[in-house]
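Asker: Residue numbers (the working numbering), protein chains in the order written: chain L, 252 to 634; chain P, 252 to 634.
Dumping the structure here so I can ask a few things about it.
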């Protein structure tokens, strides 16, 4: 289930020496066509890293032939010199593969505020080009890891076509704003409009609803490349479903590997007047440090949930709110409900359900608990 | 420097047994006039505790004769039974003092979702009434403490009049949304409009800019009672300044006693197009767990600051941003500036300066670092 499983792609992952650990740190994925349709979603942060500034330009025509990714340095807040490094990477890939640089997306992840080692990066890219193969997907997935403890890959098979993906990032919870990078490949023959719509909708309900620590990265990139090599044009709804399922699977893998986390928390907001209300409420809860500490402590503290709900503009009446932990309704009508002793938070998976009693809409936000390990890893990382 | 230093006030602090620790837990402050002018600011949380729901009604006419406060229970999310407990407290105080219940503000703090012990509370209130004295300010300040390690009091002397105050709460950073309760007294002869305007402006630039963990309490109350007993009507600007200085002093005491914190952080945002921009940027930084962990680790991680700035709607250009830690400009123009090794974060006080280069406005937001102790105290508190 690697990104080279869909037809028309080659990939590689090599060690350039950018990472102090000596682990693989340069990945390359090439779309050999016949199509070069692509779609991308980038971080909404206004202080973007250089590779994002470059790749936004690449994606303006919704076409891309290759993506080169490095770990071991985010190339963020590195000024014109950093932008030049990004541009040179694209030029180098393009020159080796006979493409235009403007068809090469660039992604970087790692520490911010430091220049990349251009010599090492260039050598790594040359080695990656030489190593390209139709079996290179797993190596590529490994080369984009930073603090991830395992590589993340997924595959959804359609009727004669497929969608595959790889991802890195420990939720958004990892040190130094550990960037989320996702590359999806498909051999379905879809047009740019279909690809773009499918990717945006998938991202909206998966990665955008994974809110490990509320910190938005400067480098986040989700890229979908479409080779058309299967010769099959799937029903657009089936295609969108496959892309969404692939993104959901990768998002769940990111959450499960979030640094320092001991609980994966699904916040189901139901009974909302609108989906936006449900998302706003879920996000407010996911960003409450007091709630996240309580889950770490095995404490079904519904009062902290109501307090977070109360900071939102969603439609609800405080005295009608219900809250459940793992199906036990510890709060009914804004007051104590079932005995909190019935709640068992010893497992890794925790589901919080909040019923706003204001409508029929719902949404789920995923997050993690706030732990000693989170504080440790994020205070000790860059020193 | 107690709240009974201004003329016209009596106060008491007694032990009712609401706290498991057996420490004082009921406070009473009475304004003996001749004026009964009062102003109050309450939590903006939509899920409010019962004492806030009651006290908002009390303050509708901007008059109050007394405030009764209890620690050992927030009386929050306790439904009609909890509201009845609040109302009965006001009735009891009023009956003993010959007032109307509608002139008695009620404040509570402690765990949420649990009913108060009415018998203990009633007995405590009766004892507090009996203990009222013109020297009772310090005892009252002690009785409202929860996880505070010391009581917080302040005094600002005018020309023949004064403003005093007491506060509890460990910033907004303490366990179980540890409420911030503040009572200010003054013997200045001011009208309701002057009192209200002074209190709102003071709160806006002091307590509202103390953002320890971004969690908004359900019980926060700031009350100013004006006895007029000095017979002096101060210049309204001088009065406003004294109220603001008293609030600032109390806010700084709250920050210094924030649970689990090892650093007090002042985030000075300068060069902003508007004051609102400066506040928005400061608050975004104060709410970045990654930034707060970095300060805990002694790491002047300006990249995490820029990433937080980038989530705001303030006017700025990313490539013009400057950031300093304790006066060392580690980021200049969105790139590495002075050597980070020059920054010494070993002291408790940390000043972060962010220059948006977009105008002449500024604002300061105060916060704390995110520490192991924060996680520990907020995960273990209610279990």
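All residues carry an ideal CB built from backbone N, CA and C; glycine is no exception.
Run down chain P in chain order and give the residues with a C-beta less than 8 Å from the C-beta of residue 540 (chain L).
Answerer: As a working note, residue 540 (chain L) is residue 289 in the first chain. Simply 464, 465, 466, 540, 621, 625, 629.
Asker: Using a Cβ-Cβ cut-off of less than 7 Å, give me the residues of the segment 484-507 of chain P that come near chain L, in sequence order.
Answerer: Going along the segment 484-507 of chain P in chain order, one finds no residue with a Cβ nearer than 7 Å to chain L.
Asker: Assign residue 628 (chain P) to buried or exposed, taking buried as 16 or more other Cβ atoms, counted over all protein chains shown, within 10 Å of its Cβ.
Answerer: The residue you call residue 628 (chain P) lines up with position 377 of the second chain. Residue 628 (chain P) is buried by the Cβ-count criterion.
Asker: In whole angstroms, give me the CA-to-CA distance for residue 496 (chain L) and residue 600 (chain P).
Answerer: Taking the first chain and counting its residues from 1, the one referred to as residue 496 (chain L) is at position 245. Taking the second chain and counting its residues from 1, the one referred to as residue 600 (chain P) is at position 349. Approximately 48 Å, taken between the alpha carbons.
Asker: What residue range does the beta strand (DSSP E) around residue 518 (chain P) cover?
Answerer: Position 267 of the second chain, counting from 1, holds the residue named residue 518 (chain P). That run of the beta strand (DSSP E) goes 515-523.
Asker: Under a CB-based cut-off of 9 Å, is residue 617 (chain P) close to chain L?
Answerer: For the purposes of this step, residue 617 (chain P) is taken as the residue at position 366 of the second chain. Cβ-Cβ to chain L under 9 Å: no for residue 617 (chain P).
Asker: Less than 9 Å separating the beta-carbons of residue 508 (chain P) and residue 399 (chain P)?
Answerer: Your numbering for residue 508 (chain P) matches position 257 in the second chain. Your numbering for residue 399 (chain P) matches position 148 in the second chain. For residue 508 (chain P) and residue 399 (chain P), yes; Cβs fall inside 9 Å.
Asker: Give me the Cα-Cα distance between residue 587 (chain P) and residue 548 (chain P), rounded to the nearest whole angstrom.
Answerer: As a first step, residue 587 (chain P) is located in the second chain; it is residue number 336 there, counting from the start. As a first step, residue 548 (chain P) is located in the second chain; it is residue number 297 there, counting from the start. Rounded to whole angstroms, residue 587 (chain P) to residue 548 (chain P) spans 20 Å at the Cα level.
Asker: Take residue 575 (chain L) as the anchor and find which of L:615, L:589, L:419 has the nearest alpha-carbon.
Answerer: The count along the first chain starts at 1 and reaches residue 575 (chain L) at position 324. For residue 575 (chain L), the nearest C-alpha among the options comes from L:589.
Asker: Give a yes or no on whether the minimum CB-CB distance between residue 555 (chain P) and chain L is below 9 Å.
Answerer: Start at 1 with the first residue of the second chain, and residue 555 (chain P) comes out as number 304. It does; some Cβ of chain L falls within 9 Å.
Asker: Kindly indicate the opening and closing residues of the beta strand (DSSP E) around residue 580 (chain P).
Answerer: Here residue 580 (chain P) refers to the residue found at position 329 of the second chain. Looking at the DSSP string, the run of the beta strand (DSSP E) that includes residue 580 (chain P) is 579-583.
Asker: Applying the criterion that 16 or more other CB atoms from any shown protein chain within 10 Å of the CB defines a buried residue, is residue 371 (chain P) buried or exposed?
Answerer: Numbered from 1 along the second chain, position 120 holds the residue referred to as residue 371 (chain P). Result: buried.
Asker: Once DSSP output is grouped into helix, strand and coil, what is the label at residue 454 (chain P)?
Answerer: Numbered from its first residue, the second chain carries residue 454 (chain P) at position 203. DSSP places residue 454 (chain P) in helix when its eight states are reduced to three.
Asker: Assuming residue 288 (chain L) and residue 528 (chain L) are in contact, meaning their beta carbons sit under 8 Å apart, how far apart are those beta carbons, in whole angstroms?
Answerer: Mapped onto the first chain, residue 288 (chain L) falls at position 37. Mapped onto the first chain, residue 528 (chain L) falls at position 277. Between residue 528 (chain L) and residue 288 (chain L) the Cβ distance is about 35 Å, and since that is not below 8 Å, they are no contact.
Asker: Does residue 477 (chain L) come within less than 9 Å of chain P when only Cβ atoms are used?
Answerer: On the first chain, position 226 is the one that residue 477 (chain L) refers to. No, because no Cβ of chain P sits closer than 9 Å to the Cβ of residue 477 (chain L).
Asker: In the DSSP output, what is residue 587 (chain L) paired with across the bridge?
Answerer: Looking up residue 587 (chain L) in the first chain gives position 336. Note: residue 587 (chain L) sits in a beta bridge opposite L:582.
Asker: Go ahead and pull the three-state DSSP assignment for residue 619 (chain L).
Answerer: Here residue 619 (chain L) refers to the residue found at position 368 of the first chain. Strand.
Asker: From the beta carbon of residue 297 (chain P), is the nearest beta carbon of chain B less than 9 Å away?
Answerer: Structure shown: chain B not included; protein chains present are L and P.
Asker: If residue 322 (chain P) and residue 360 (chain P) are in contact, beta carbons under 8 Å, what's the gap, nearest whole angstrom?
Answerer: Walking along the second chain from the start, residue 322 (chain P) turns up at place 71. Walking along the second chain from the start, residue 360 (chain P) turns up at place 109. About 5 Å; that satisfies the 8 Å criterion.
Asker: At a cut-off of 8 Å, would you count residue 452 (chain P) as near the ligand SAH, judging by its Cβ distance to the nearest heavy atom?
Answerer: This structure simply doesn't include the ligand SAH, nor any ligand for that matter.
Asker: What beta strand (DSSP E) runs, 3 residues minimum, are completely inside the segment 302-354 of chain L?
Answerer: If we require 3 residues or more, the beta strand (DSSP E) runs fully inside the segment 302-354 of chain L come out as 317-321.
Asker: Whole angstroms are fine: how far does the CA of residue 469 (chain P) sit from the CA of residue 562 (chain L)?
Answerer: Along the first chain, read from residue 1 onward, the residue named residue 562 (chain L) stands at position 311. Along the second chain, read from residue 1 onward, the residue named residue 469 (chain P) stands at position 218. Taking the straight line from one Cα to the other gives about 10 Å.
Asker: Let me see if you follow: with CB-CB separation under 9 Å, is residue 358 (chain L) close to chain P or not?
Answerer: For the purposes of this step, residue 358 (chain L) is identified with residue 107 of the first chain, where counting begins at 1. With 9 Å as the cut-off, residue 358 (chain L) does not count as an interface residue toward chain P.
Asker: Which class does residue 364 (chain P) belong to by DSSP, given the choice of helix, strand or coil?
Answerer: Taking the first residue of the second chain as 1, we reach residue 364 (chain P) at position 113. Three-state DSSP puts residue 364 (chain P) in coil, outside helix and strand.
Asker: What residues from the segment 298-325 of chain L come within 9 Å of chain P, judged by C-beta to C-beta, listed N to C?
Answerer: Hits within the stretch, in order: 298, 299, 325.
Asker: Run the CB neighbour count on residue 570 (chain L), radius 10 Å, all protein chains shown included, and call it buried at 16 or more, exposed below.
Answerer: Numbered from its first residue, the first chain carries residue 570 (chain L) at position 319. That one is exposed.
Asker: Classify residue 424 (chain L) as helix, strand or coil using the three-state DSSP reduction.
Answerer: Against the first chain, residue 424 (chain L) aligns to sequence position 173. Caution is warranted here: a pLDDT of 39 is assigned to residue 424 (chain L), below 50, making its placement in the model unreliable, and the coordinate value is therefore given only provisionally. DSSP places residue 424 (chain L) in coil when its eight states are reduced to three.
Asker: Take the Cβ of residue 593 (chain P) as the centre, count every other Cβ of all protein chains shown within 10 Å, and call the residue buried at 16 or more, exposed below.
Answerer: Against the second chain, residue 593 (chain P) aligns to sequence position 342. Answer is exposed; the Cβ neighbour count stays below 16.
Asker: Whole angstroms is fine: what's the gap from residue 260 (chain L)'s alpha carbon to residue 560 (chain L)'s?
Answerer: Stepping through the first chain from its first residue, residue 260 (chain L) is reached at position 9. Stepping through the first chain from its first residue, residue 560 (chain L) is reached at position 309. Cα to Cα, the separation comes out at about 46 Å.
Asker: Going by other Cβ atoms of all chains shown within 10 Å of its Cβ, with 16 needed for buried, is residue 614 (chain L) buried or exposed?
Answerer: Residue 614 (chain L) sits at position 363 when you count from the first residue of the first chain. Buried, because 16 or more other Cβ atoms sit within 10 Å of the Cβ of residue 614 (chain L).
Asker: Does the Cβ of residue 257 (chain L) have 16 or more other Cβ atoms within 10 Å, making it buried, or fewer, making it exposed?
Answerer: Translated into the one-based positions of the first chain, residue 257 (chain L) becomes position 6. Per the 10 Å Cβ criterion, buried.
Asker: Residues of chain P with CB closer than 7 Å to the CB of residue 510 (chain L), please, in chain order.
Answerer: Taking the first chain and counting its residues from 1, one reaches residue 510 (chain L) at position 259. Within chain P, no residue comes near residue 510 (chain L); the closest Cβ sits about 11 Å away, beyond 7 Å.
Asker: Using a 10 Å radius around the Cβ and a threshold of 16 neighbouring Cβ atoms, would you call residue 404 (chain P) buried or exposed?
Answerer: Stepping through the second chain from its first residue, residue 404 (chain P) is reached at position 153. Result: buried.
Asker: Whole angstroms is fine: what's the gap from residue 353 (chain L)'s alpha carbon to residue 377 (chain L)'s?
Answerer: The residue labelled residue 353 (chain L) in the question sits at position 102 within the first chain. The residue labelled residue 377 (chain L) in the question sits at position 126 within the first chain. Their backbone Cα atoms lie some 18 Å apart in a straight line.
Asker: Inspect the CB distances between the segment 267-275 of chain L and the segment 301-315 of chain L and report whether three or more fall short of 8 Å.
Answerer: No, the segment 267-275 of chain L does not touch the segment 301-315 of chain L.
Asker: I'd like to check one pair, residue 572 (chain P) with residue 358 (chain L): are the Cβ atoms closer than 9 Å?
Answerer: In the first chain, residue 358 (chain L) corresponds to position 107, counting from 1. In the second chain, residue 572 (chain P) corresponds to position 321, counting from 1. No, Cβ-Cβ distance for residue 358 (chain L) and residue 572 (chain P) is not below 9 Å.
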